[in-house]
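Asker: The letter at position 411 of the sequence shown is residue 411 when you use our numbering, and the numbering goes up by one with no holes. Every residue, glycine too, gets a C-beta built ideally from N, C-alpha and C. If you're wondering where the values come from, they're calculated on a predicted model, not measured in any experiment.
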Amino acid sequence: MKNRKALHESSPEDEGASRLTRWVRHHGKLSAFIKELLKAMAPLGATLYLAGGTVRDVLEGKSDLKDIDLMITGLQSPSLEKILRDLKRRAALQVKEVISAGKHFPVFKVAVRWALNPVDVALARKEQSTGSGHRDFAISTQNVTARQDSSRRDFTINALFFKFTLKGRTVGGTIVDYQQGLKGLARKEIKAVGNPYERFAEDPLRMLRAIRQKNQRRGFTIEKKTWAAIEKSMPALIHTISMERIAEELIKSLHANPVETYHDWKKSGALRELIPELASMAGEREKIFVRRFLYLPSFSATHEITATLLLACLLCDTALEECSDLMAGHGEKPVPGGTHPGDPAFYTAKRQAIVARRLALPNLRDIENLLRWFLCLVNYERLEERRAVAEEILAGNPMARQLITLYNAHQKAVVREKRDFDYLLDKCALTPRLIKGNDLVAAGIPRGPHLSLILRSIREQELCDRLTSKDDALCCALVLYRQCHETTQGGAP
Numbered sequence: 001m002k003n004r005k006a007l008h009e010s011s012p013e014d015e016g017a018s019r020l021t022r023w024v025r026h027h028g029k030l031s032a033f034i035k036e037l038l039k040a041m042a043p044l045g046a047t048l049y050l051a052g053g054t055v056r057d058v059l060e061g062k063s064d065l066k067d068i069d070l071m072i073t074g075l076q077s078p079s080l081e082k083i084l085r086d087l088k089r090r091a092a093l094q095v096k097e098v099i100s101a102g103k104h105f106p107v108f109k110v111a112v113r114w115a116l117n118p119v120d121v122a123l124a125r126k127e128q129s130t131g132s133g134h135r136d137f138a139i140s141t142q143n144v145t146a147r148q149d150s151s152r153r154d155f156t157i158n159a160l161f162f163k164f165t166l167k168g169r170t171v172g173g174t175i176v177d178y179q180q181g182l183k184g185l186a187r188k189e190i191k192a193v194g195n196p197y198e199r200f201a202e203d204p205l206r207m208l209r210a211i212r213q214k215n216q217r218r219g220f221t222i223e224k225k226t227w228a229a230i231e232k233s234m235p236a237l238i239h240t241i242s243m244e245r246i247a248e249e250l251i252k253s254l255h256a257n258p259v260e261t262y263h264d265w266k267k268s269g270a271l272r273e274l275i276p277e278l279a280s281m282a283g284e285r286e287k288i289f290v291r292r293f294l295y296l297p298s299f300s301a302t303h304e305i306t307a308t309l310l311l312a313c314l315l316c317d318t319a320l321e322e323c324s325d326l327m328a329g330h331g332e333k334p335v336p337g338g339t340h341p342g343d344p345a346f347y348t349a350k351r352q353a354i355v356a357r358r359l360a361l362p363n364l365r366d367i368e369n370l371l372r373w374f375l376c377l378v379n380y381e382r383l384e385e386r387r388a389v390a391e392e393i394l395a396g397n398p399m400a401r402q403l404i405t406l407y408n409a410h411q412k413a414v415v416r417e418k419r420d421f422d423y424l425l426d427k428c429a430l431t432p433r434l435i436k437g438n439d440l441v442a443a444g445i446p447r448g449p450h451l452s453l454i455l456r457s458i459r460e461q462e463l464c465d466r467l468t469s470k471d472d473a474l475c476c477a478l479v480l481y482r483q484c485h486e487t488t489q490g491g492a493p
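1) In whole angstroms, give me the CA-to-CA distance for Pro336 and Leu453.
2) Helix, strand or coil for Ala443, going by three-state DSSP, please let me know.
3) Between Ala360 and Ser242, is the Cβ-Cβ spacing less than 9 Å?
4) In terms of residue numbering, what span does the beta strand (DSSP E) encompassing Leu70 cover?
5) Would you say Gly61 faces chain D, with C-beta separation under 9 Å as the test?
6) By the 10 Å Cβ neighbour count, where 16 or more other Cβ atoms means buried, how is Gln402 classified, buried or exposed?
7) Could you check where the beta strand (DSSP E) with Leu361 kicks off and where it finishes?
8) Which of helix, strand or coil does DSSP assign to Tyr380?
9) So, using beta-carbon positions, are Ala46 and Ile72 closer together than 9 Å?
10) Would you decide whether Lys96 is buried or exposed? Buried here means 16 or more other CB atoms lie within 10 Å of its CB.
11) For Ala111, which of helix, strand or coil comes out of DSSP?
12) Taking the continuous alpha helix (DSSP H) assigned at Thr54, which residues delimit it?
13) Since Val119 contacts Val110 with CB under 8 Å, what's their CB separation in whole angstroms?
14) In terms of DSSP beta bridges, what is Asp120 paired with?
15) Expressed to the nearest angstrom, what Euclidean distance is found between the alpha-carbon atoms of Leu463 and Glu392?
16) Just the Cα atoms here: how many angstroms apart are Leu314 and Glu127?
17) Below 8 Å on the Cβ atoms is my contact criterion, and I expect Thr54 with Ile68 to pass it. Report the Cβ-Cβ distance as a whole number of Å.
18) Nearest CA to the CA of Ala40: which residue from Asp57, Pro235, Glu202, Lys88?
19) Relative to the C-alpha of Ser18, which residue among Gly28, Val171, Ala146 is closest?
20) Buried or exposed, going by whether 16 or more other CB atoms sit within 10 Å of the CB of Gly184?
21) Can Val389 and Pro344 be called in contact, C-beta distance under 9 Å?
22) Just the Cα atoms here: how many angstroms apart are Pro334 and Leu254?
23) How about Arg351 and Thr308: do their beta carbons lie closer than 9 Å?
24) Using 9 Å as the threshold, is the C-beta distance between Lys163 and Ile190 below it?
Right under this line is the structure:
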C-alpha cells in the first residue's frame, strides 16, 4: 500500500519543474521568446537553461521577477550572438536591442518591450580566481557543462537550473540540481557550494551576501560550516572588498531585516572590522539600538523607510554619543561667541559623518543632515527658540517625514514622551510671519548674520502668541539688535 502511494507522490524535482513550467507559460511573451530560441538552437545541439536566482525565486513563490537569467551550453559566442540578432528581426518577439556586455565573460543583454529589465543570455562558464577581492579571473566558456557552471556559483540555492524542452509547440522542462539546492530551499538554509573557504576567497563579498540572502528570507539560517568559514575569513578578507560594494550589501540587508543584519554583522566580525564604533555596544544601549529599528515601521509607511533613513538609524548612536560627550564637557551655560545646547548649531556632530565616509555610503549629505536635525528634535527642550527651530527644520523639508519617523522611533525606544510635531507644523502654517529681513533693514538694522537670529527670535514669539502686530514685532527686533550689539561690541550702537 505504501509503495503504491509512493508511486503517485511527485518528487521535489517534479513539483519544482511543474511550478517553473506554469510560470514560464503564464508569461506568454517570455514563453514565445524561449520557444523561438530553442528552435534556433536545436540544429546546433545546444541546451537552454533558466539559471540561478531566477529559478530560486520562482520556486520560493515569487511571480513578478525583475531579472531573468538564461544560460546556454554547447554553443559559442558568435553563434549565440547571430541567433539573438536574428530573433530581433521577428516583430512578434518585441526585441528592442541585443547588447554584448560582460567585461570578463560574454553575456548578451536582450532588451524587450515586455520586461522592465533586459533578459540576460550567457554561455555556461567556469572561472578561477587569480587575484584577491574578486578582481582577477581566468574564465573559460569552451565546452563548459552545466555541472561545471553550477560548481562556480556561491550558494546551493543559487545553483539550480531549469532545463528547457520543446515538445511540438509546448515549452516545458526539468529541474537540474547538481549542488542540492532543492534541499537547501527545503531546509531554509544558505549553504556555500563546495568548500566555503574557497568560495569566500574567490569573492569575499559572498560573506556579506550570505547574510543578506539569509535576512531576505524569513526563517532561513546559514549552514554551520558556511558560517564558520565566514567568521574565520572575515578579518582577513573583508578589507579586500571595495566599500561601495559593501555599502550596497549593507543597505539591501538592512531593508530586509535591520535587527538581524546588525546581529549577524556583529557575530560574524564584520561590524568590528567596518564599524568598530558600534561593535562594542551592549546592555541597555544595545537594547535601545535594536528597539529603535523595531519601531521604525510602526511610525512610517513602508515606502518611507528609505536607505537614508535606515543608515541614519544605524549611525544614530554615534551622533548621540558625541552629543552627550559635548554636553558633558560644555555644560549648560552659553559661551560668548560660541555655540551652546540652546543653539541648533551645537548639534552638528561629526562622528557619524566619519563613519559614513569610511563606508562610502550613498547620499552622505542627506544622512548628515537627517542626523543633525534629529539631534535638534531629541534635544528640543534645550533649544532657546525651539518652535522656530523646529519650523526651520521641518517646514518644506522633503525629508521631514523620515525625520519625524526616526525621532518617534527613538523616543519610544528610550521610553520618552514624543512631541507632536505635526501639530506644531499646523500651528506654524496658521501663524503668519509679521516681518521679514527687508523690514529689519528698513528699520535701520544693518545686514549680517544677526538678522537670521533676530528673525528666529521674533518667529518664536509669534508662535507663542506673544507678538500679534508688525509694529510690536519691529520694536522687539530693535531691542534684540541692541542686545546683540552690546553683547558682541561691549557697548550701545
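Answerer: For this structure:
1) Against the sequence shown, residue 336 aligns to sequence position 336. Against the sequence shown, residue 453 aligns to sequence position 453. At Pro336, the pLDDT of 46 sits below 50, so the modelled position is not reliable and the matter cannot be decided from this model.
2) Translated into positions along the sequence shown, residue 443 becomes position 443. Note: Ala443 maps to coil in three-state DSSP.
3) Here residue 360 refers to the residue found at position 360 of the sequence shown. Here residue 242 refers to the residue found at position 242 of the sequence shown. Yes. Within cutoff.
4) As a first step, residue 70 must be located in the sequence shown, where it is residue number 70. Secondary structure note for Leu70: its beta strand (DSSP E) is the uninterrupted segment 68-73.
5) No chain D appears in this structure, which consists of one protein chain only.
6) Working through the sequence shown from its first residue, we reach residue 402 at position 402. So Gln402 ends up on the buried side.
7) Here residue 361 refers to the residue found at position 361 when the sequence shown is read from its first residue. Premise fails: Leu361 is in no beta strand (DSSP E) and is neither H nor E.
8) As a position in the sequence shown, residue 380 is number 380, starting the count at 1. Per DSSP, reduced to three states, the secondary structure at Tyr380 is helical.
9) Indexing the sequence shown from 1 puts residue 46 at position 46. Indexing the sequence shown from 1 puts residue 72 at position 72. In this structure, Ile72 lies closer than 9 Å to Ala46 by Cβ.
10) In the sequence shown, counting from the first residue as 1, residue 96 sits at position 96. Around the C-beta of Lys96, fewer than 16 other C-beta atoms lie within 10 Å, and the residue is accordingly described as exposed.
11) In the sequence shown, counting from the first residue as 1, residue 111 sits at position 111. Here Ala111 sits in strand by DSSP.
12) Here residue 54 refers to the residue found at position 54 of the sequence shown. Here the alpha helix (DSSP H) through Thr54 covers 53-59.
13) Locating residue 119 in the sequence shown gives position 119, counting from the first residue. Locating residue 110 in the sequence shown gives position 110, counting from the first residue. Between Val119 and Val110 the beta-carbon gap is near 4 Å, inside 8 Å, which marks them as a contact.
14) In the sequence shown, the residue the question calls residue 120 occupies position 120. Note: Asp120 sits in a beta bridge opposite Asp69, Lys109.
15) One-based indexing of the sequence shown puts residue 463 at position 463. One-based indexing of the sequence shown puts residue 392 at position 392. Their Cα atoms are separated by approximately 13 Å.
16) To locate residue 314, count along the sequence shown from 1; it is residue 314. To locate residue 127, count along the sequence shown from 1; it is residue 127. Distance between the alpha carbons of Leu314 and Glu127 is about 37 Å.
17) As a working note, residue 54 is residue 54 in the sequence shown. As a working note, residue 68 is residue 68 in the sequence shown. Indeed, because the Cβ distance is near 6 Å, the residues count as touching under 8 Å.
18) Counting from 1 along the sequence shown, the entry for residue 40 is found at position 40. Comparing Cα positions, the closest option is Lys88.
19) By one-based count along the sequence shown, residue 18 stands at place 18. Of the candidates Gly28, Val171, Ala146, the one whose C-alpha sits nearest the C-alpha of Ser18 is Val171.
20) Looking up residue 184 in the sequence shown gives position 184. Its Cβ being crowded by 16 or more others within 10 Å, Gly184 is buried.
21) Numbered from its first residue, the sequence shown carries residue 389 at position 389. Numbered from its first residue, the sequence shown carries residue 344 at position 344. Contact flag set, yes.
22) Counting from one through the sequence shown, the residue named residue 334 turns up at place 334. Counting from one through the sequence shown, the residue named residue 254 turns up at place 254. Only weak support exists for where Pro334 lies, its pLDDT of 48 falling under 50; the coordinates are left without a value.
23) Looking up residue 351 in the sequence shown gives position 351. Looking up residue 308 in the sequence shown gives position 308. Not a contact, by the Cβ cut-off of 9 Å.
24) Along the sequence shown, one-based indexing puts residue 163 at 163. Along the sequence shown, one-based indexing puts residue 190 at 190. No, they are not a contact pair.
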